[in-house]
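Enquirer: Below: one structure in structure tokens.
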Amino acid sequence: MGSVTRITPETEDTSFHRSVLTTRLDQLANWARSGSLWPLPFGTACCAIEFMSVVSAHYDLSRFGAEVVRFSPRQSDVMIVAGTVTDKQSPILKQIWEQMAEPKWCIAMGVCASSGGFYRAYHVTQGIDEVVPVDVYVPGCPPTPEGLIYAILELQRKIKGERRITEGGFRGEPGLAGVTRERKDGAPRGVDPVLGGAQVLNDPAALSDAVGEDPRDVGQGRPQVETLSPTRTTAPDGRRGS
Amino acid sequence: MTPAAPGAGGGPLDDRLDLALRLSERFGGAVRGAEEFRGDLAVTVARDRLHDVLAMLRCEPDLDFAFLMDVTAVDHLAWGRIPRFDVVYHLYSLTHHRRLRVKCPLEEGDAWVPTATDVWQGADWFEREAWDMYGIVFEGHPNLRRILCHEDFEGHPLRKDFPADKRFFLPRPANLREQAPAWVRERAGGPAAGLISD
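Top line first, the protein sequences correspond to chains F and C.
Going by the numbering used here, the first residue of the first sequence is number 369, and it counts up by one from there.
Going by the numbering used here, the first residue of the second sequence is number 1325, and it counts up by one from there.
This is the structure we're talking about:
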């Protein structure tokens, strides 16, 4: 039973709009990717304890779609390096990173992972960006759970700006973000990792560094932003890295 | 009834004096000195009798320092002291509840001592650490390799003339199985073979 709807141009038009969604393929993929980030914890120190509290009930990272912690690099999307990484450990970190499938992202949680922290010493990697590309740095020793949640949100914002499907853009390809700092023997500090790390989330101008506008945007009518690169020797506020 | 134990730490001062005197009588000039700090006795022993002293402290029933708590070294470079290094053994007697510290001064160009692994098996990793950090050679050690720094590391980072932030790059994860000496690989089976060195 029921009434018969007369098909008029108005009703036809409405039903069409209710059943079809138009979007860009990249946006669709980015929406899905940013909402289902599976973290891989690379926890080596106290930051990992804070990470546990982030994924536990009180802070509940599942609200942001990132609660499915995987301990296999094959199954995870974002590596969260939580803790001090030594020079003996960093090749292991790199190996695990290389085992992750694209698309993949990396968060340096805490000052040790971002810059070596107070371990300016013979045994500690002065920022994991010496060996793996970092998308977001989280300051703090250790960071608060809110700090890590903010980093996840910033990463999601970054992912939503990516165009990996339509323009390619996996990290292995040249000309893209995701380079690591050049390292030499001794104490290489191309970018001052303390400033490059701690400042990223505090300084709105530097935020675009971490959130990473696509470097290919440069010179294409979009606002030009400074991107993290191994050649940058000046921190965002003009202080020179040592 | 155990006899009143001449030992060090915690007990009456007489006990500690007794032990120092006893070592001095037994080993003569090889016991260079004794000092007390916060109730614990420290004796300084020359290298040529060091192993005998350690063996006696371990084996005599009324001493019975069965627990080797630590072996480490001190670099006195900043004070300009000659000899530059001390190797320090921290001993504890579980039966008599006594502590004792044994120091052995070493010249910079001649920084070696006999191993204590034949007295306490637990000396193995302590001595490897002291070698790794200070470059002290423990003669006769069955497996004197670095224990904390990686294999491509050069120098001994806790020496006071080592630049604090000097680093060495390790290009790939260490293959512990490959690095272990043959006798370790033979004795240890299973997937963790390279990790075991008892």
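Glycine included, every Cβ here is placed at the ideal spot set by N, Cα and C.
Give the interface partners of D455(F) over in chain C, defined as CB-CB distance under 7 Å, in chain order.
Expert: Chain C residues near D455(F): H1474, R1491, F1492, F1493 and L1494.
Enquirer: Return the chain-ordered ranges of every beta strand (DSSP E) run that is complete within the region 1407-1484 of chain C and spans a minimum of 3 residues.
Expert: Qualifying beta strand (DSSP E) stretches, in chain order: 1409-1417, 1422-1430, 1436-1438 and 1461-1463.
Enquirer: Let me check one thing: in DSSP terms, what residues is P1497(C) bridge-paired to?
Expert: Answer by DSSP bridge pairing: none, since P1497(C) is not bridged.
Enquirer: Could you pull out every unbroken alpha helix (DSSP H) segment of at least 4 residues lying fully inside the region 465-549 of chain F, listed in chain order?
Expert: With a minimum length of 4 residues, the continuous alpha helix (DSSP H) runs that stay inside the region 465-549 of chain F are 478-483, 513-528 and 532-535.
Enquirer: Is A1397(C) closer than 8 Å to V1412(C) when the C-beta atoms are compared?
Expert: Yes, these two residues count as a Cβ contact at 8 Å.
Enquirer: Between P1495(C), E1432(C), N1499(C) and W1444(C), which lies nearest to H1480(C) when the distance is taken from Cα to Cα?
Expert: Per the Cα distances, E1432(C).
Enquirer: Cβ atoms of C1473(C) and H491(F): under 8 Å apart, would you say?
Expert: It is a contact, given that the beta carbons lie within the stated cut-off.
Enquirer: Cβ closer than 9 Å: which chain F residues qualify as neighbours of A1488(C)?
Expert: Simply R488, A489 and Y490.
Enquirer: Among P1466(C), F1462(C), W1455(C) and H1465(C), which residue has its Cα nearest to the Cα of F1477(C)?
Expert: Selected option, being the one with the closest Cα: W1455(C).
Enquirer: Starting from D1399(C), trace the beta strand (DSSP E) in both directions and tell me its first and last residue.
Expert: F1391 to D1399 is the extent of the beta strand (DSSP E) around D1399(C).
Enquirer: Looking only at its chain, what residues have a beta carbon closer than 7 Å to the beta carbon of D1394(C), apart from the 5 residues adjacent to it on each side?
Expert: Correct list, in chain order: H1414 and F1450.
Enquirer: Out of D1485(C), A1440(C) and R1346(C), point me to the one whose CA is closest to H1465(C)'s CA.
Expert: The residue with the shortest Cα to Cα distance from H1465(C) is A1440(C).
Enquirer: I need the straight-line Cα distance from R1340(C) to L1401(C), nearest angstrom please.
Expert: If you take the alpha carbons of R1340(C) and L1401(C), they lie about 30 Å apart.
Enquirer: If the cut-off is 7 Å on Cβ atoms, which residues from the region 494-525 of chain F count as contacting chain C, listed in chain order?
Expert: Within the region 494-525 of chain F, no residue has a Cβ that lies closer than 7 Å to any Cβ of chain C.
Enquirer: Within its chain, find whatever has a CB closer than 6 Å to the CB of A519(F); leave out the 5 residues flanking it on each side and keep chain order.
Expert: Result list for A519(F): I475, V504 and V506, in chain order.
Enquirer: Beta-carbon of Q588(F) versus every beta-carbon of chain C: anything under 8 Å?
Expert: Here the model assigns Q588(F) a pLDDT of 42, short of 50, so the residue's position is not dependable, and the following value carries that caveat. It does not; no Cβ of chain C falls within 8 Å.
Enquirer: Flag Q443(F) as yes if its beta-carbon sits less than 8 Å from any beta-carbon of chain D, otherwise no.
Expert: Reference to chain D is not applicable here, since the protein chains of this structure are F and C.
Enquirer: So that I know if they touch, is there some Cβ in chain F lying closer than 8 Å to that of A1397(C)?
Expert: No, its Cβ sits nowhere closer than 8 Å to a Cβ of chain F.
Enquirer: Please tell me whether I464(F) and F419(F) are closer than 8 Å, where the distance is taken between their beta carbons.
Expert: Against a cut-off of 8 Å, the Cβ pair of F419(F) and I464(F) comes out as no contact.
Enquirer: So, is N1499(C) buried or exposed, given that buried needs 16 or more other C-beta atoms within 10 angstroms?
Expert: Looking at its Cβ environment, which holds fewer than 16 other Cβ atoms inside 10 Å, N1499(C) is exposed.
Enquirer: Quick one: which chain C residues come within Cβ less than 7 Å of Q463(F)?
Expert: Those are P1497, listed as they occur along chain C.
Enquirer: Here's the rule I'm using: 16 or more other beta-carbon atoms within 10 Å means buried, otherwise exposed. How should W1403(C) be labelled?
Expert: Looking at its Cβ environment, which holds fewer than 16 other Cβ atoms inside 10 Å, W1403(C) is exposed.
Enquirer: By the three-class DSSP mapping on this structure, what secondary structure does L1345(C) have?
Expert: It is helical.
Enquirer: By Cβ distance below 7 Å, which residues in the same chain neighbour T454(F) in space, the five residues on each side in sequence not counted?
Expert: Result list for T454(F): H491, V492 and T493, in chain order.
Enquirer: Below 8 Å between beta carbons: does that hold for R1425(C) and A1366(C)?
Expert: It is a contact, given that the beta carbons lie within the stated cut-off.
Enquirer: Taking R1452(C) as the reference, which of Q1445(C), R1509(C), T1368(C) and N1467(C) has the closest Cα?
Expert: Closest option to R1452(C), Cα to Cα, is N1467(C).
Enquirer: Round the Cβ separation of S444(F) and P407(F) to the nearest angstrom and send it over; I've been treating them as touching at under 8 Å.
Expert: Yes, they are in contact, since the Cβ atoms of S444(F) and P407(F) sit about 6 Å apart, within 8 Å.
Enquirer: When DSSP labels each residue in this structure, what does A434(F) get in the three-state scheme?
Expert: Coil.
Enquirer: Only counting the same chain, and skipping five residues up and downstream in sequence, which positions put a Cβ closer than 8 Å to that of F1389(C)?
Expert: Counting only Cβ-Cβ distances below 8 Å, and skipping sequence neighbours, we find L1381, R1382, L1415, Y1416, S1417, R1422 and L1424.
Enquirer: Leaving out five residues on either side along the sequence, give the residues of the same chain with a beta carbon under 6 Å from the beta carbon of W1444(C).
Expert: Correct list, in chain order: L1392.
Enquirer: Thinking G451(F) and A413(F) are a contact (beta carbons under 8 Å), I'd like their distance in whole angstroms, please.
Expert: So it is a contact: roughly 3 Å between Cβ atoms.
Enquirer: In this structure, does DSSP put F1361(C) in helix, strand or coil?
Expert: Strand, per DSSP.
Enquirer: Measure the Cβ-Cβ separation of G478(F) and P510(F) and say whether it is below 8 Å.
Expert: Going by C-beta atoms, G478(F) is nearer than 8 Å to P510(F).
Enquirer: Using a C-beta to C-beta distance shorter than 9 Å, which residues of chain F count as neighbours of P1481(C)?
Expert: Chain F residues near P1481(C): A489, Y490 and H491.
Enquirer: Going straight from the alpha carbon of R531(F) to that of E470(F), what length do you get?
Expert: Answer to the nearest angstrom: the Cα atoms are 14 Å apart.
Enquirer: So what does DSSP say about A1506(C), is it helix, strand or coil?
Expert: Correct three-state label for A1506(C): helix.
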